[in-house]
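J.:
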Amino acid sequence: MNPTLKKGGVGEFSRFASDNEPSAISNIAVNGIIGEFLEGAKGVPLGKVDLNSSYDIVVIGAGPAGSSAARAAAQRGAKVLLIDRRRHIGIPVQCAEFVPQWISRHAFFSSACVIQTVDKMVTHLPDGTSYEMKSPGFMLDRSLFDKELAASAVLSGGKISIETEAVNLSPEGLAVERGSKRELIHSKVFIGADGAHSSVARSAGQPPLKTILALQYEVVIPEPQNHVDVYFHKDYKGGYAWFFPKGRTANVGVGIIAQKMTLLSKRMDHFLDYLVGSRKLSSVEIVAKTGGSIPCEKPRRTVFDNILLAGDAAGHTHSITGAGVLNAVIAGEIAGKVAAEAIERGNLQHLQNYEVQCQEAFGKSLAYSALKREFLENNWNQPNIDFEGLIRKTWVGFKEYYEGRRKIELHPSFPRAEDPPL
Ligand SMILES: Cc1cc2nc3c(=O)[nH]c(=O)nc-3n(C[C@H](O)[C@H](O)[C@H](O)COP(=O)(O)OP(=O)(O)OC[C@H]3O[C@@H](n4cnc5c(N)ncnc54)[C@H](O)[C@@H]3O)c2cc1C
């Protein structure tokens, strides 16, 4: 095992759920399936959480943001319910599964979630040149990672209810559908961590997020490698293609602006042909397919009375790379902590600190990436554009990207860190 895997969150998780123990992960499966047949003490079937009970904090979405929020809030003693519409937490995976190694300082997961480590990123430009940058990261098993994060929330004292879909949030409460039943859940605070097409954000009056659309195949690779590859081409408008290794396979994908959606599978075929032509692949042998929307939005409001938005639901994804797992975990952690503090103090005004703390954690990086995206999209189709020069200025794999970062201001309409708490 790589020694770095023992640090931070990985080590902490293994203290209460070691790799070879039947950890809380199996409890989640029990809750969903076998639990239906087991009666609990008060007539509520075990694993069927009582939605009629009133909660301090209800978290909608058990992805990295939601589970981190639920864990952080439950650890502080709040009565927490985590819901997800999925039947299996973490499935289907809609991710290329590459995260920076320092995620283990924030997330609680076992080494089993790491398929392999990565040491650098190689960026390939259409003129045939390529550039290396140190980029220590993990290739995750996202489905296991998400399950372990949810397990960690439960082990911290939270309740979880799968196959529970939020349909509307109003002053009366959160309307959910569980099977054929529609129910209303009451809570002091709601955390919307329900992804890029968040129904909580919609209920809070937010317009849909601007997104990049991505298609990804997991393919068998002839040679293992310990770096990730990123490819630019004028046809991959506003996006890029990737080749992220996972031992004997790799996640191979293309992301482009939503307006070019109809061209996505053609672009994927083009990329696969290129990989075969350049002998990166000996043939195209696909073992899995996925895809999805990745927010690429300017920073926006994330606190609405007693509602917080976190992760993709809040547009916390990096507008240039599309990476969102680390920020989702960090935002979730902050949301859970601030919400629990607000409950403890009996003062929901305290929730305003959430936005300030998120800004401190990753606000500059997101605001800067949004500016770079604007520049990228405005110039992509300019006649006589030096395309390679444009990519150097707008891609994180080049030092030119970071020039000007110090000048970036936090979003003026948001409270600043030095402002007194409201
Ligand atoms: C193709 C692709 C590749 C990507 N690659 C990477 C990568 O390599 N690295 C990286 O860092 N990021 C990557 N991302 C982005 C990353 O996957 C997201 O940023 C991350 O998953 C955000 O976590 P989240 O918890 O905010 O949302 P999600 O992971 O989307 O979780 C949201 C959860 O909410 C649930 N939900 C949704 N609606 C409801 C509802 N109404 N009621 C109840 N539950 C609901 C969903 O079932 C889901 O479990 C990629 C995204 C895509 C689409």
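Count along the sequence shown from 1, add 1, and you get the number used in our numbering.
Every residue, glycine too, gets a C-beta built ideally from N, C-alpha and C.
Classify Thr269 as buried or exposed, calling it buried when 16 or more other Cβ atoms lie within 10 Å of its own Cβ.
T.: On the sequence shown, position 268 is the one that residue 269 refers to. What sits at residue 269 in the sequence shown is Met, not Thr. Its Cβ being crowded by 16 or more others within 10 Å, Met269 is buried.
J.: For Arg88, name the three-state secondary structure that DSSP assigns.
T.: The residue you call residue 88 lines up with position 87 of the sequence shown. In the structure shown, the three-state DSSP call for Arg88 is coil.
J.: Is DSSP giving Glu424 helix, strand or coil here?
T.: Because the chain spans 2 through 423 in this model, residue 424 falls outside it and cannot be assessed.
J.: Check whether the segment 136-150 touches the segment 102-114, taking contact to mean three or more Cβ pairs, one atom from each stretch, closer than 8 Å.
T.: By the Cβ rule, the segment 136-150 counts as touching the segment 102-114, because three or more pairs are nearer than 8 Å.
J.: Near Ser19, which residues of its chain fall below 6 Å by C-beta distance, leaving aside the five closest residues on each side in sequence?
T.: By one-based count along the sequence shown, residue 19 stands at place 18. Bear in mind that a pLDDT of 30 at Ser19, under 50, signals an unreliable position, so the number given afterwards is only what the model happens to contain. Same-chain partners within the cutoff: there are none.
J.: Where Pro208 and Glu224 are concerned, what is the direct C-alpha to C-alpha distance, given to the nearest angstrom?
T.: For the purposes of this step, residue 208 is taken as residue 207 along the sequence shown, with counting starting at 1. For the purposes of this step, residue 224 is taken as residue 223 along the sequence shown, with counting starting at 1. Taking the straight line joining both Cα atoms gives about 45 Å.
J.: Looking at the unbroken alpha helix (DSSP H) that takes in His271, where does it start and where does it end?
T.: Position 270 of the sequence shown, counted from the first residue, corresponds to residue 271. Looking at the DSSP string, the run of the alpha helix (DSSP H) that includes His271 is 265-278.
J.: Could you have a look at Asn379 and say whether DSSP puts it in helix, strand or coil?
T.: Counting from one through the sequence shown, the residue named residue 379 turns up at place 378. In the three-state scheme derived from DSSP, where H, G and I count as helix and E and B as strand, Asn379 is classed as helix.
J.: Tell me the rounded alpha-carbon separation between Val177 and His187.
T.: Sequence index remark: in the sequence shown, residue 177 carries index 176 (1-based). Sequence index remark: in the sequence shown, residue 187 carries index 186 (1-based). Cα to Cα, Val177 sits roughly 11 Å from His187.
J.: Can you tell me where the alpha helix (DSSP H) with Ile344 in it begins and where it stops?
T.: What you label residue 344 is simply residue 343 of the sequence shown in a count that begins at 1. Taken as a continuous stretch (DSSP letters only), the alpha helix (DSSP H) holding Ile344 covers 326-346.
J.: Going along the chain, which residues of its own chain have a beta-carbon closer than 6 Å to the beta-carbon of Lys160, five neighbours each way excluded?
T.: Mapped onto the sequence shown, residue 160 falls at position 159. So the qualifying residues of the chain are Val50, Leu82.
J.: Does ligand 1 have even one heavy atom less than 8 Å from the beta-carbon of Leu327?
T.: By one-based count along the sequence shown, residue 327 stands at place 326. Checking the Cβ of Leu327 against ligand 1 gives yes.
J.: Relative to the alpha-carbon of Tyr132, which residue among Gly323, Lys365, Thr318, His228 has its alpha-carbon at the smallest distance?
T.: Sequence index remark: in the sequence shown, residue 132 carries index 131 (1-based). Checking every option, the nearest Cα to that of Tyr132 belongs to His228.
J.: Considering only heavy atoms of ligand 2, does any lie closer than 8 Å to the CB of Lys189?
T.: Ligand 2 is not part of the structure shown, which contains ligand 1 as its ligands.
J.: By the three-class DSSP mapping on this structure, what secondary structure does Ser54 have?
T.: As a first step, residue 54 is located in the sequence shown; it is residue number 53 there, counting from the start. DSSP places Ser54 in coil when its eight states are reduced to three.
J.: Write down the C-beta distance between Val288 and Ile104 rounded to the nearest angstrom, noting that I regard them as a contact closer than 8 Å.
T.: Indexing the sequence shown from 1 puts residue 288 at position 287. Indexing the sequence shown from 1 puts residue 104 at position 103. 25 Å between Cβ atoms; not a contact.
J.: Would Glu166 and Arg88 be called neighbours here (beta carbons separated by less than 9 Å)?
T.: As a first step, residue 166 is located in the sequence shown; it is residue number 165 there, counting from the start. As a first step, residue 88 is located in the sequence shown; it is residue number 87 there, counting from the start. For Glu166 and Arg88, no; Cβs fall outside 9 Å.
J.: Where does Trp396 sit, in a helix, a strand or coil, going by DSSP?
T.: In the sequence shown, the residue the question calls residue 396 occupies position 395. Three-state result, Trp396: coil.
J.: Check whether the Cβ of Phe244 lies closer than 8 Å to any heavy atom of ligand 1, and answer yes or no.
T.: Locating residue 244 in the sequence shown gives position 243, counting from the first residue. Not so, every heavy atom of ligand 1 lies at least 8 Å from the Cβ.
J.: Would you kindly work out how many angstroms separate the C-alpha atoms of Arg249 and Gly239, rounded to a whole number?
T.: Locating residue 249 in the sequence shown gives position 248, counting from the first residue. Locating residue 239 in the sequence shown gives position 238, counting from the first residue. Going from the Cα of Arg249 to the Cα of Gly239 covers about 30 Å.
J.: Kindly examine ligand 1 and report whether one of its heavy atoms sits closer than 8 Å to the Cβ of Ile335.
T.: The residue given as residue 335 occupies position 334 in the sequence shown. For ligand 1, no non-hydrogen atom lies closer than 8 Å to the CB of Ile335.
J.: With a threshold of 8 Å, establish whether the CB of Ile90 neighbours any heavy atom of ligand 1.
T.: For this step, residue 90 is matched to residue 89 along the sequence shown. Within the cutoff, so yes.
J.: Buried or exposed for Arg374, please, with buried defined as at least 16 other CB atoms from any protein chain shown within 10 angstroms of its CB.
T.: One-based indexing of the sequence shown puts residue 374 at position 373. Classification of Arg374: buried, given that the 10 Å Cβ count is 16 or more.
J.: Just reading off the beta strand (DSSP E) that Gly254 is part of, what are its end residues?
T.: Here the question's residue 254 lines up with position 253 in the sequence shown. Segment 250-258, the beta strand (DSSP E) holding Gly254.
J.: Taking 8 Å as the cut-off, does the segment 343-358 touch the segment 368-383 (at least 3 CB pairs, one atom from each stretch)?
T.: Because the criterion of three Cβ pairs below 8 Å is not met, the segment 368-383 and the segment 343-358 do not touch.
J.: With a 10 Å radius around its C-beta and 16 neighbouring C-beta atoms as the bar for buried, classify Tyr403 as buried or exposed.
T.: Counting from one through the sequence shown, the residue named residue 403 turns up at place 402. The residue is exposed, with fewer than 16 neighbouring Cβ atoms inside 10 Å.
J.: Where does Leu210 sit, in a helix, a strand or coil, going by DSSP?
T.: Reading the sequence shown from its first residue, position 209 is the one you call residue 210. In this structure, DSSP gives Leu210 a state outside helix and strand, which the three-state scheme calls coil.
J.: Can you give the Cα-Cα distance for Ser199 and Gly193, rounded to whole angstroms?
T.: Along the sequence shown, read from residue 1 onward, the residue named residue 199 stands at position 198. Along the sequence shown, read from residue 1 onward, the residue named residue 193 stands at position 192. In this structure, the CA atom of Ser199 is about 7 Å from the CA atom of Gly193.
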